[in-house]
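For the sequence shown, this note's numbering begins at 177 and goes up steadily by one.
We treat Cβ as the ideally placed atom computed from N, Cα and C, and that holds for glycine.
None of these values were measured; they are calculated from a predicted model.
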Amino acid sequence: MLTENELQLSADVLVIGGGPAAAWAAWAAASQGAKVIIVDKGFLGTSGAAAASGNGIMAPSPENWDKVLSERYRIGKNLANSRWIERVIEKTWLSLPLVEDWGYRFPKENGESVRQSYYGPEYMRVLRKNLLRVGVQILDQSPALELLLADDGSVAGARGVQRQHHRSYTVRAGAVVLANGGCAFLSKALGCNTNTGDGLLMAVEAGGELSSMEASNHYAISTAFNATVTRGVPFGWASYSDEAGNDLGGYVDGRRDPSFLPNALLKGSVYARLDRATPEVKAVIEKSHFISFLPYKKAGIDPYAERVPVTLILEGTVRGTGGIRLTDDSCGTKVPGLYAAGDAASREFLAGLASGGGGPNAAWAISTGQWAGVGAATFAKSLGDRANERVARPAGQVGLRSATVGGTPSPKLGRSPSPSPSSETFDSEAIVRGVQDQMFPLEKNYLRSEQGLLDSLAKLETLWQQVQGNPKQDTVRDVEFSRRAAALTAVARWAYFSALHRTETRSEHIRMDYPETDPSQRYYQATGGLERLWVRRDWIKDAIATPPALTTQTTPSVSKL
Ligand SMILES: Cc1cc2nc3c(=O)[nH]c(=O)nc-3n(C[C@H](O)[C@H](O)[C@H](O)COP(=O)(O)OP(=O)(O)OC[C@H]3O[C@@H](n4cnc5c(N)ncnc54)[C@H](O)[C@@H]3O)c2cc1C
Numbered sequence: 177m178l179t180e181n182e183l184q185l186s187a188d189v190l191v192i193g194g195g196p197a198a199a200w201a202a203w204a205a206a207s208q209g210a211k212v213i214i215v216d217k218g219f220l221g222t223s224g225a226a227a228a229s230g231n232g233i234m235a236p237s238p239e240n241w242d243k244v245l246s247e248r249y250r251i252g253k254n255l256a257n258s259r260w261i262e263r264v265i266e267k268t269w270l271s272l273p274l275v276e277d278w279g280y281r282f283p284k285e286n287g288e289s290v291r292q293s294y295y296g297p298e299y300m301r302v303l304r305k306n307l308l309r310v311g312v313q314i315l316d317q318s319p320a321l322e323l324l325l326a327d328d329g330s331v332a333g334a335r336g337v338q339r340q341h342h343r344s345y346t347v348r349a350g351a352v353v354l355a356n357g358g359c360a361f362l363s364k365a366l367g368c369n370t371n372t373g374d375g376l377l378m379a380v381e382a383g384g385e386l387s388s389m390e391a392s393n394h395y396a397i398s399t400a401f402n403a404t405v406t407r408g409v410p411f412g413w414a415s416y417s418d419e420a421g422n423d424l425g426g427y428v429d430g431r432r433d434p435s436f437l438p439n440a441l442l443k444g445s446v447y448a449r450l451d452r453a454t455p456e457v458k459a460v461i462e463k464s465h466f467i468s469f470l471p472y473k474k475a476g477i478d479p480y481a482e483r484v485p486v487t488l489i490l491e492g493t494v495r496g497t498g499g500i501r502l503t504d505d506s507c508g509t510k511v512p513g514l515y516a517a518g519d520a521a522s523r524e525f526l527a528g529l530a531s532g533g534g535g536p537n538a539a540w541a542i543s544t545g546q547w548a549g550v551g552a553a554t555f556a557k558s559l560g561d562r563a564n565e566r567v568a569r570p571a572g573q574v575g576l577r578s579a580t581v582g583g584t585p586s587p588k589l590g591r592s593p594s595p596s597p598s599s600e601t602f603d604s605e606a607i608v609r610g611v612q613d614q615m616f617p618l619e620k621n622y623l624r625s626e627q628g629l630l631d632s633l634a635k636l637e638t639l640w641q642q643v644q645g646n647p648k649q650d651t652v653r654d655v656e657f658s659r660r661a662a663a664l665t666a667v668a669r670w671a672y673f674s675a676l677h678r679t680e681t682r683s684e685h686i687r688m689d690y691p692e693t694d695p696s697q698r699y700y701q702a703t704g705g706l707e708r709l710w711v712r713r714d715w716i717k718d719a720i721a722t723p724p725a726l727t728t729q730t731t732p733s734v735s736k737l
């Protein structure tokens, strides 16, 4: 029995996740004097999107704040929020010197630190070391599976499993931060396979809401041969050709049209050759993005001279926007005591429905992580010393407990009461494949249409009914994978249901049947529901800001690498 030697712990604040958002949240909560436990599905320091490679950070120096704010607002197509953009920029700018104090070495220029990007593995190593220094307890390889709720509906902790100890765990806490990253639907995009949307399902089960889930279809370029590195920067210097070697161009007004690659791939194979890179560019990209070169090196390919087949891999909400809806400046959610940060939280205030890749996302993780951590510590403190004596019940259902078992959630994690004869054990791998069949294809998720979305939703509904069945739970791995299959199905349904209801094309949400951006659809779309999905329009009432004119650029500049 997984529950026989269950680990039971308590804290003021529990942080779920192990990327930058979680690390900043845990540090910020600990800095308020809170006792903090952090649980990561992988190993905190190597798991998640940031740990897998380097990130540019949106951290302009103060004289450039207005310019960057305007650019972000423009990219958000009137859905972003100037006040939030400003507070993220400021918080990030003020936070990066701390990382340096903790031991990270940013490059120097004229004796000054240039804090515009970080090398993911080293950044995460420093953040982990700092957490241990301030007394945060870290449980690695311990995916959280469900939240605990107190009688008044506030969050009271979470439960999960420890992969290496083959047991379940319960952490009682006064407040919880969900910082479990985005959802990349197990596409294998490097660093993203731990990010399966578990936190979104946990939040909704607990009474929370999601927002901007139509912005959940970010695709990123990768070589098509046996590699899933989705670093796009080197491809800024590529020329593209089709199977026969014909140049595919792809430039509009001297700028690469973002729709070029998906549209070309929908017609057939596409090959890239990095022949536009100058020796100076080559030196920089090989140093800063060497992980992108590993596949070439392993295959003995010279990417500057040879054509290599490329593809687009779904990153979903990792570099998309949708996630848990934030309800206040401290990154609170609709559930008292539950906070969200980083890719798990909807980034709509910063990005609208656009991608926040290239700098904003890293800044969002740093800033929302800290606001959520402080918010959670403050909430936990307000409950007094007996917070963890509250009666609490597990909030999880689908993928953990069969819906056919009398409707009462089992008190034991990972074990349903004896299944009723009618309950069938679902095959979690088949469910995942079924979800991916709807989410991966460009013709379904990149180019959306009402009929296509309805067809996919019908198939996802069938999968959703299947995951109501009996989850396989013989091992810790079974428990985790059954729940993961349910989470992926749930996220896919919310994504497509939201996409169905936004009848316009805006940023990464492309509707073939509504090809124009409709200025009257200036709202965030909240969504949720388990059995019955719903959407709500949260109208944006702020006046539209007038950003400066767009400047065009032929290729990325070397200084921005
Ligand atoms: C190829 C690539 C390049 C990128 N480049 C940039 C860039 O240049 N600039 C930029 O701003 N952004 C960039 N991003 C995005 C950026 O990496 C993310 O926004 C950032 O990592 C978000 O941090 P996070 O902590 O929210 O999520 P992550 O870093 O993804 O971490 C999520 C963590 O949650 C854990 N987790 C998941 N589920 C559970 C669970 N059930 N229980 C416990 N733990 C769980 C995971 O193990 C992981 O540790 C890039 C992303 C990719 C994929």
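Query                                                                                                                                                                      : Result
Buried or exposed: residue 342, going by 16 or more other Cβ atoms within 10 Å of its Cβ?                                                                                  : exposed
Say the cut is 7 Å; is the CB of residue 522 nearer than that to a heavy atom of ligand 1?                                                                                 : no
Would you list, in sequence order, the uninterrupted alpha helix (DSSP H) runs of no fewer than 4 residues that lie entirely inside the region 221-290?                    : 241-251 and 258-277
Using 10 angstroms around the beta-carbon of residue 290, count the other beta-carbons present and answer buried if the total reaches 16, otherwise exposed.               : exposed
Please find out if some non-hydrogen atom of ligand 1 comes closer than 7 Å to the beta-carbon of residue 366.                                                             : yes
Who pairs with residue 398 in a beta bridge, going by DSSP?                                                                                                                : 487
Excluding five sequence neighbours on each side, which residues of the same chain lie with their C-beta closer than 6 Å to the C-beta of residue 590?                      : Reliability of the predicted coordinates at residue 590 is poor, the pLDDT of 36 falling under 50, and the value obtained from them is presented with this limitation in mind. These residues qualify, in order along the chain: 178, 344, 649 and 655.
Please report how far the alpha carbon of residue 191 lies from the alpha carbon of residue 325, in whole angstroms.                                                       : 15 Å
Who does residue 346 pair with in a DSSP beta bridge?                                                                                                                      : 184 and 335
So, for residue 614: in the same chain, excluding its five sequence neighbours on each side, which residues have a beta-carbon less than 7 Å away from its beta-carbon?    : 620, 632, 635, 636 and 668
Over the uninterrupted beta strand (DSSP E) stretch that includes residue 550, give me the two end residues.                                                               : Unbroken run through residue 550 is the alpha helix (DSSP H), 536-558; no beta strand (DSSP E).
Return the chain-ordered list of same chain residues with a C-beta closer than 8 Å to the C-beta of residue 404, the five sequence neighbours on each side being excluded. : 363, 364, 365, 366, 398 and 489
On the DSSP bridge assignment, give the partners of residue 507 in chain order.                                                                                            : DSSP output for residue 507 lists no bridge partner at all.
Which of the three DSSP states is assigned to residue 439 in this structure?                                                                                               : helix
In angstroms, rounded to a whole number, what distance separates the CA positions of residue 462 and residue 616?                                                          : 29 Å
Is it the case that the region 662-676 contacts the region 702-715, given that we only count it when at least three CB pairs across the two stretches are under 8 Å?       : yes
Beta-carbon separation of residue 452 and residue 415 under 8 Å?                                                                                                           : yes
Kindly examine ligand 1 and report whether one of its heavy atoms sits closer than 7 Å to the Cβ of residue 463.                                                           : no
Pull up the DSSP beta-bridge partners for residue 670, would you.                                                                                                          : The partner list for residue 670 (beta bridge, DSSP) is empty, contrary to what the question assumes.
I need the DSSP call for residue 366, collapsed to helix, strand or coil.                                                                                                  : coil
Would you kindly work out how many angstroms separate the C-alpha atoms of residue 283 and residue 200, rounded to a whole number?                                         : 22 Å
Looking at the secondary structure, which residues open and close the alpha helix (DSSP H) in which residue 480 lies?                                                      : Looking at the DSSP string, residue 480 is not in any alpha helix (DSSP H), and its letter there is neither H nor E.
Please identify the residue among 627, 551, 624 and 641 whose C-alpha is closest to the C-alpha of residue 610.                                                            : 641
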